[in-house]
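Single-structure report; data block below.
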Amino acid sequence: MNGQTFPDWLRLLLLIFSLLSFLPQIERIVSRKECSILAPNYILFNLITATEHFAFYLLFIIDYPPPTDEPHDDLLVGSPPSTGDYLNLAQFALTALYHLTLFGLYLYFPQHGSRTGFSKSSMVALYLCFLSISVMPVLLELPNKPPQKGGSMSFFGAMIAGPHAHIVHPLVTAFASASLAPQLRAIRAGPGPGALSIPSLLLQSVTFTLLALSWMIRLPLPRGYTFIPWWYWYALVGWAAVDDAIFAIYQGVLWWTASSHGIAQMVSEAQPLLSTPG
7 MNGQTFPDWL RLLLLIFSLL SFLPQIERIV SRKECSILAP NYILFNLITA TEHFAFYLLF
67 IIDYPPPTDE PHDDLLVGSP PSTGDYLNLA QFALTALYHL TLFGLYLYFP QHGSRTGFSK
127 SSMVALYLCF LSISVMPVLL ELPNKPPQKG GSMSFFGAMI AGPHAHIVHP LVTAFASASL
187 APQLRAIRAG PGPGALSIPS LLLQSVTFTL LALSWMIRLP LPRGYTFIPW WYWYALVGWA
247 AVDDAIFAIY QGVLWWTASS HGIAQMVSEA QPLLSTPG
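When we follow our numbering, the leftmost residue of the sequence shown carries the number 7, and every step to the right adds one.
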C-alpha cells in the first residue's frame, strides 16, 4: 500500500487550501514593502524543513523501485509513481516554494526596528550549505534511470536516503521545533503585527493540521511494518506528519499571540483618550 486509498481530489483540495493560506502573507509583505516583525531564524528554519521534505520525496519519485514478480508494498511512492504520488510531490514543492519566496522577500525588503537572529548574509550561507547536502545529491541522481531489477532503489539512491532518514530528518525536525521562540519574541517586542499576516497564520494552522493528519494515510508503512518503534516510523514515513504538525501548532500559537498582542496594543493606545476629562 502506498497511500492510494487517499482520494486524489482530497490531495488537490489540500494543495489549493495551502496556496490560499500562503497568499495573504506574500501579499502583505509586497504591499508594505518591508519585513518588520518577521524573525530571520523563523524564516530560515521553516525553509530548511520544507526543502528537505521536497528533496527527500523527489528522490523516491526519481529513483522509484521497479516492479517485481514478488508481492511487495512500495515505500513513499508507487512503482511507477501514480497521480497521487505526483500530487504529494506538488504539495511538498508548493510548500517549499512558499518558504523560498518568503526567504527571498525577506532578503529583498528592509526590516524596520530592532532585529535579532541571523544576518541576511548568514541566512544565505547557511541555506546554501544545507542545499549541498539536501538537494544537490538528489539532483545528481536525476540522470540515472531506476534500476531494472531487484525491487529496490539504486545503490546511490539508497546511500542518499539512509542518512537523510536517520540523520538529516531529526536535525530538520529540531530546526522546525526551534522556529517558534524567535518569532514569538519578535511579535512581543514589536508595536504591532508589522509584515506578519494574522489571517495567514490562522489559515496555515488549520491547513497544516489537516495536512499532518493526511500524511498518516498518504504515506503509510509498507506491509510487514505494522508494529515498529515510533522512531523507525518517523524515519520511514512519519517525518512529514510530525513536521507539519509542529508547523500547524506553531502557526496557531503565533496567531493567538499576534492577535492578543494587537488587542493589547489597541487598548493601551486608547487608554489615555479614555482617561482624558471631557
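By construction, the Cβ of each residue, glycine as well, lies at the ideal position given by its N, Cα and C atoms.
Quick check on residue i: does DSSP put it in helix, strand or coil?
i: residue 264; result: helix
i: residue 233; result: coil
i: residue 123; result: coil
i: residue 198; result: coil
i: residue 185; result: coil
i: residue 59; result: helix
i: residue 117; result: coil
i: residue 12; result: coil
i: residue 148; result: coil
i: residue 238; result: helix
i: residue 176; result: helix
i: residue 26; result: helix
i: residue 70; result: coil
i: residue 227; result: coil
When you compare only the Cα positions, how much space is there between residue i and residue j?
i: residue 183; j: residue 149; result: 35 Å
i: residue 198; j: residue 188; result: 16 Å
i: residue 207; j: residue 257; result: 5 Å
i: residue 131; j: residue 94; result: 29 Å
i: residue 77; j: residue 249; result: For residue 77, the predicted model reports a pLDDT of 43, less than 50, meaning its position is unreliable; a value from the coordinates is still stated below. Taking the straight line from one Cα to the other gives about 31 Å.
i: residue 111; j: residue 34; result: 11 Å
i: residue 81; j: residue 109; result: 32 Å
i: residue 116; j: residue 122; result: 14 Å
i: residue 126; j: residue 136; result: 15 Å
i: residue 104; j: residue 209; result: 14 Å
i: residue 172; j: residue 227; result: 16 Å
i: residue 56; j: residue 83; result: 18 Å
i: residue 21; j: residue 191; result: 31 Å
i: residue 204; j: residue 233; result: 41 Å
Only counting the same chain, and skipping five residues up and downstream in sequence, which positions put a Cβ closer than 8 Å to that of residue i?
i: residue 167; result: 62, 65, 66 and 159
i: residue 124; result: 46, 47, 50 and 132
i: residue 193; result: 43, 199, 202, 260, 263, 264 and 267
Might you give, ordered along the chain, the residues of its own chain that have their beta carbon closer than 7 Å to the beta carbon of residue i, omitting 5 neighbours on each side?
i: residue 259; result: 186
i: residue 118; result: 40 and 42
i: residue 180; result: none
i: residue 254; result: 211, 214, 215 and 218
Would you give the residue range spanned by the alpha helix (DSSP H) that residue i belongs to?
i: residue 110; result: 89-114
i: residue 83; result: No alpha helix (DSSP H) contains residue 83, which DSSP labels as neither H nor E.
i: residue 168; result: 161-169
i: residue 43; result: Looking at the DSSP string, residue 43 is not in any alpha helix (DSSP H), and its letter there is neither H nor E.
i: residue 223; result: 204-224
Using CA coordinates, which residue listed in the options is at the minimum distance from residue i?
i: residue 36; options: 205, 241, 107 and 23; result: 107
i: residue 58; options: 169, 81, 141 and 242; result: 141
i: residue 68; options: 234, 162, 245 and 174; result: 162
i: residue 202; options: 16, 29, 15 and 24; result: 29
i: residue 14; options: 90, 38, 60 and 47; result: 90
i: residue 164; options: 224, 115 and 143; result: 143
i: residue 50; options: 138, 11, 102 and 38; result: 102
i: residue 242; options: 170, 195, 196 and 252; result: 170
i: residue 114; options: 38, 52 and 174; result: 38
i: residue 238; options: 196, 195, 175 and 146; result: 175
i: residue 129; options: 220, 52 and 12; result: 52
i: residue 245; options: 190, 196, 195 and 177; result: 177
Considering only residues of the same chain and omitting the five flanking positions on each side of residue i, which have a CB-CB separation below 6 Å?
i: residue 247; result: 218, 221 and 222
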